[in-house]
Amino acid sequence: MTNTTTSSAQSCAAKTSAPHFPEQVTGMYILAQALKRVGLDNVYGLVGIPVTEAAYAMQKSGVKFVGFRFEQQAGMAAATHGYLTKKPGVLLTVSSLGFMNGLTATANATVNCYPMIQISGASDPTMVDMKMGTYEELDQLNTARPLVKAAFRCSHAKDIPGAVARAYRAAVSGRPGGVYIDMTTPALAEIMDAADAEKLFYEPVDVYSPVAPNADAVSRAVEMLLSAQRPAILLGKGAAYAQVDDRIKTLIETYNIPYLPMSMAKGLMPDAGPLSALSCRSTIMEKADVVMVIGARLNWMLSFGRGKWNPAMKFIQLEVEPQEIDVNVPVAAPVVGDMGLALDAILKGLEGKKMQADADWVPSLQAEAKVKNARFKERLTDAASLQPMNHWSALSAIKPIIEANPDVILVNEGANTLDDTRDAIDMSLPRHRIDCATWAIMGMGMGSAVGAAVATGKSVVAIEGDSAFGFSGMDFATICRFKLPVTVVVLNNGGIYNNIGVNPSTDPAIEHDPAPTTLDLAARYDKMGEVFGVANYYVSSPAEITTALSQAIASRKPAIINVQLAADAGKESGHIGYLNPTPLIDFTV
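Numbering (my numbering), first residue to last: 1010 to 1598.
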């Protein structure tokens, strides 16, 4: 007969006995080593049960761990890191709600095609499956699966190196995206002999294997481009991510093709370049007869390829994901494969051949751009004298400073703040503008600013609407704690869109409540700088903005600037108010 009490006690003692390092290691150490050995030496996250020691093990292994106040922002940092480096950014979170908070960023990374790996501590799956009510019980693996490219569960320490290598491969292969690793408490806690653990590590071969496009597809695309009377190139953030800048430049400049960049492709070719059609978007859509789409999707931001687009126009689409072809409209010349190999093949096919473009096409676009740019400059000049300021007043001062510092990475989010900043500031270098991208969400600002600064070592300026800043503002603390060269500029108009919303209620119990879109016009976001001991500025004129922003960038230290705008600065939903349903009731916003 077995003494179950004695056996249980002995088993418990065995499980909780401390490992003897360095002869023995745990899953925590194996995870840290697995990341380091595949070259993932930056991790963003927020620790607690059961992953606290994992973060310390990472630091001991030479991995930089950037601790945040909110998992979502750590995830945004990891996603931005992935976008800028083409290596997966890594997010570490606790279980249950910590996992869920991070998963919003990982889902956003998947939609935006940023390579990212989320690693979350998880309760023992055998207990979760039986619904025993264990600590932070949640089936995280199956929760994540619909929202990521791939998902893996590590039930044992021996699973960890393989899971990390496979996650890396999945994140960067084909169309990049987010990958989830369910890092169970038993796997993290498991003790192994160091010699046995060492045998688990390996260097994965060809984590990204570029696939060349079909030769017939390339020939078709080349012939179509050569025959175009009014050609154009549409650049998406996928083109910027691919880091094939030299080939895009050669294609555009050699064959004199006008280009139209999407928001995060601004700077891939200079916004103010002679072939830039940035000011002629509608004309490109209405008159171009062949458009080569490089690393962009014909989604809502491009009217689904319909609407304003010339109905007789033909699309050439360079895309790594075959299923993206023919989404919303037929694509006349799909070129599916690695972006670099596709452009190499197209350039080779064009060698020695001449475009048949209408001689008036480029000059007509340049003339249109000249008129529109002069009109826009006049708008900024007129706004510079307004008091109190509106968004254009502030941007009249911000624009020349950012453009004079082209290597500063610009992070931008908000409603009017996003739209107006995008239109006002010309970018001249690739991957120097980070914004809310495909989902057009708010709440990526501080995370993306941290990720950009850590990934590149460059100075960052985050231009935030006050509403947008509210989603992530507490992680300004992370910027300060890690002494990053980030300047946060908050354009404060006291609302989600402005501060003039009116509560339409006549019910005495609620009629004096703030309107749904109003926030705090008198808020002093600059005071956060005092809290964390960094430079802070309150400004209310373009001249004060010029002084504050110039000083902040030059310092290469954390800083925050509260830019006071008028209560009525801004309109509902910025430039995309058309997406709102037709109002049922009459209300002021």
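Just so you know, even glycine gets a beta-carbon here, dropped at the ideal spot from N, CA and C.
Computed from a predicted model, the values in this text were never measured in an experiment.
Inter-residue Cα distance where the pair is residue i and residue j
i       : j       : result
Pro1097 : Val1047 : 11 Å
Ala1568 : Ile1128 : 31 Å
Val1299 : Phe1324 : 6 Å
Ser1549 : Thr1597 : 26 Å
Gln1149 : Ile1562 : 42 Å
Val1253 : Thr1094 : 13 Å
Thr1014 : Pro1195 : At Thr1014 the pLDDT is 39, less than 50, meaning the model places this residue with poor confidence; the figure from the coordinates comes in the next sentence. Straight-line Cα distance between these residues: approximately 22 Å.
Ala1198 : Thr1035 : 6 Å
Met1192 : Met1455 : 27 Å
Phe1541 : Leu1307 : 44 Å
Ala1226 : Val1497 : 46 Å
Thr1061 : Ala1461 : 25 Å
Asp1416 : Trp1401 : 23 Å
Pro1155 : Asp1138 : 19 Å
Asn1508 : Ala1578 : 8 Å
Arg1078 : Met1310 : 32 Å
Leu1588 : Thr1263 : 39 Å
Ala1274 : Cys1163 : 37 Å
Closest by C-alpha distance to residue i, when choosing among the options
i       : options                               : result
Asn1051 : Gly1076, Phe1596 and Thr1152          : Gly1076
Asn1337 : Pro1590, Arg1315, Thr1556 and Asp1347 : Arg1315
Leu1209 : Ser1312, Ala1043, Ser1070 and Ala1221 : Ala1043
Asp1428 : Ser1272, Pro1513, Ser1291 and Phe1491 : Ser1272
Lys1379 : Asn1117, Val1214, Ile1058 and Ser1288 : Ser1288
Ala1341 : Asp1444, Pro1439, Met1301 and Cys1489 : Met1301
Ala1221 : Leu1307, Glu1328, Leu1244 and Arg1239 : Glu1328
Lys1317 : Glu1330, Ala1393, Ala1297 and Gln1326 : Ala1297
Ile1570 : Met1037, Met1537 and Val1463          : Met1537
Lys1167 : Ala1552, Tyr1038 and Met1310          : Tyr1038
Ala1114 : Asp1133, Asn1121, Met1085 and Val1157 : Met1085
His1090 : Met1453, Trp1448 and Val1137          : Met1453
Phe1478 : Asp1516, Asp1529, Ser1437 and Asn1512 : Asp1529
Asn1319 : Ile1293, Gly1358 and Gly1142          : Ile1293
Val1072 : Val1157, Val1099 and Ala1088          : Val1099
Lys1045 : Ile1058, Pro1213 and Met1201          : Pro1213
Pro1653 : Phe1491, Leu1356 and Met1278          : Residue coverage of the chain in this structure runs from 1010 to 1598, which leaves residue 1653 outside it and unanswerable.
Val1371 : Arg1256, Arg1239, Ala1383 and Ile1190 : Arg1239
Phe1485 : Glu1360, Gln1033 and Gln1082          : Gln1082
Residue environment, residue i, which counts as buried when at least 16 other CB atoms sit within 10 Å
i       : result
His1521 : exposed
Tyr1211 : exposed
Leu1106 : exposed
Ser1017 : Residue placement at Ser1017 cannot be trusted, given a pLDDT of 39 that sits under 50; what the coordinates show is reported in the next sentence. Looking at its Cβ environment, which holds fewer than 16 other Cβ atoms inside 10 Å, Ser1017 is exposed.
Cys1021 : Any answer about Cys1021 is weak, because its pLDDT of 40 lies below 50 and its placement is not dependable; what the coordinates show is given next. Exposed.
Asp1595 : exposed
Ser1476 : buried
Ala1535 : Residue identity check: residue 1535 is Asp in the sequence provided, not Ala. Label assigned to Asp1535: buried.
Pro1059 : buried
Asn964  : In this structure the chain extends from 1010 to 1598, so residue 964 is not present and cannot be described.
Ile1266 : buried
Gly1142 : exposed
Lys1492 : exposed
Lys1362 : exposed
Ser1405 : buried
Span of the beta strand (DSSP E), counted from its first residue to its last, around residue i
i       : result
Val1345 : Ala1342 to Val1345
Leu1389 : Per DSSP, Leu1389 belongs to no beta strand (DSSP E); it is in the alpha helix (DSSP H), Trp1370 to Ala1392.
Asp1191 : Gly1187 to Thr1193
Val1052 : Asn1051 to Gly1054
Tyr999  : The requested residue 999 does not occur in the structure, where the chain is confined to residues 1010 to 1598.
Asn1501 : Val1495 to Asn1501
Val1598 : Taken as a continuous stretch (DSSP letters only), Val1598 belongs to no beta strand (DSSP E), as it is neither H nor E.
Ala1471 : Val1469 to Gly1474
Thr1292 : Where Thr1292 is concerned, there is no enclosing beta strand (DSSP E), although the alpha helix (DSSP H) it sits in stretches over Arg1290 to Lys1296.
Thr1527 : Premise fails: Thr1527 is in no beta strand (DSSP E) and is neither H nor E.
Thr1102 : Gly1098 to Thr1102
Enclosing alpha helix (DSSP H) for residue i [first to last residue]
i       : result
Glu1062 : Thr1061 to Lys1069
Phe1074 : Run containing Phe1074: none in the alpha helix (DSSP H); it sits in the beta strand (DSSP E), Lys1073 to Gly1076.
Thr1465 : Gly1454 to Thr1465
Tyr1038 : Gly1036 to Arg1046
Leu1244 : Not the alpha helix (DSSP H): Leu1244 falls in the beta strand (DSSP E), residues Pro1240 to Leu1244.
Val1120 : Leu1106 to Asn1121
Ala1088 : Glu1080 to Thr1094
Ile1257 : Asp1254 to Thr1263
Val1227 : Ala1224 to Ser1236
Val1352 : Checking the sequence, you will find Leu at residue 1352 rather than Val. Element bounds for Leu1352: Met1348 to Leu1359.
Distance cut-off 8 Å: residue i Cβ against heavy atoms of the ligand GDP
i       : result
Asp1516 : Among the components modelled here there is no ligand, and therefore nothing to report on the ligand GDP.
Just list the alpha helix (DSSP H) runs in the segment 1397-1445, keeping only unbroken ones of 4 residues or longer that don't cross its boundaries, in chain order.
1400-1413 and 1425-1433
Counting only runs of 3+ residues fully inside the segment 1534-1596, write out the beta strand (DSSP E) ranges in chain order.
1544-1548 and 1568-1573
Whole beta strand (DSSP E) runs in the segment 1129-1212 with 3 or more residues, listed along the chain?
1159-1163, 1187-1193 and 1200-1202
Continuous beta strand (DSSP E) assignments of at least 3 residues falling wholly in the segment 1300-1341
1323-1328
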